[in-house]
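In our numbering, the protein residues as written are 67 to 237.
Think of the CB as a built atom: it goes at the ideal place given N, C-alpha and C, for glycine as much as any other residue.
The structure displayed is predicted, hence computed values, not measured ones.
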């Protein structure tokens, strides 16, 4: 299926963002490699069928936002923004985000947001790195296209080892 046909089938009134495995669109996502800065991605060594998807093509409408979240497997991620702009709030690994959005009545919004490690706007052509265990929230400022890759390397392996063990050796 052509990418344009796929976009025609999506109901943009119901979904402001479409995230699909990048491998479904090799003509769009082929020909690029992960930045060498991140080292080899250990996800690529896990047999297919065992490893969850880890490369995504993301097309988002202006105004789409993600909820506050961490990567589900504990790994790190990077996002290359091809077009549009995204506003990010990234929290440190030790931030008390467990109570958001229903934070304690004792905790003011100022106290909660004072935990932000980095806040900024990602521009086209920029790659943003989110370390393992760092919660983040993203707001799409302009319609955008991005490639996102979850990765495992020697720096984040301790965070993701329990999840990997469960994937490779299910009980």
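From the options, residue whose alpha carbon lies closest to that of residue i
i, options, result
"residue 99", "82, 119 and 146", "146"
"residue 197", "128, 102 and 140", "140"
"residue 206", "130, 86, 158 and 224", "130"
"residue 132", "224, 229 and 85", "85"
"residue 219", "117, 235, 190 and 103", "103"
"residue 144", "180, 191, 174 and 112", "191"
"residue 184", "138, 153, 126 and 223", "153"
"residue 123", "111, 112, 113 and 96", "96"
"residue 225", "200, 187 and 148", "200"
"residue 232", "180, 194, 121 and 112", "112"
"residue 88", "82, 101, 211 and 137", "211"
"residue 203", "179, 121 and 230", "179"
"residue 136", "161, 187, 186 and 177", "161"
"residue 121", "127, 134 and 142", "142"
Reduced DSSP category for residue i - H, G, I as helix; E, B as strand; rest coil
i, result
"residue 80", "Because the pLDDT at residue 80 is just 47, under 50, the model does not fix this residue reliably, and the point stays unresolved."
"residue 147", "strand"
"residue 88", "helix"
"residue 132", "coil"
"residue 94", "helix"
"residue 220", "coil"
"residue 155", "strand"
Range of the contiguous beta strand (DSSP E) that encloses residue i
i, result
"residue 225", "No beta strand (DSSP E) contains residue 225, which is instead part of the alpha helix (DSSP H) from 223-234."
"residue 216", "210-217"
"residue 193", "193-196"
"residue 185", "184-188"
"residue 207", "First-last for residue 207: undefined, no H or E at that position."
Minimum Cβ-Cβ distance from residue i to chain B less than 8 Å
i, result
"residue 231", "Of the protein chains in this structure there is only one, and it is not chain B."
Across the stretch 101-118 and the stretch 207-225, are there enough close Cβ pairs to call them in contact, namely three or more that are closer than 8 Å? yes
Does the stretch 113-123 touch the stretch 150-159, meaning 3 or more C-beta pairs lie closer than 8 Å? no
Sequence ranges, beta strand (DSSP E) only - wholly within the stretch 96-141, length at least 3: 121-126
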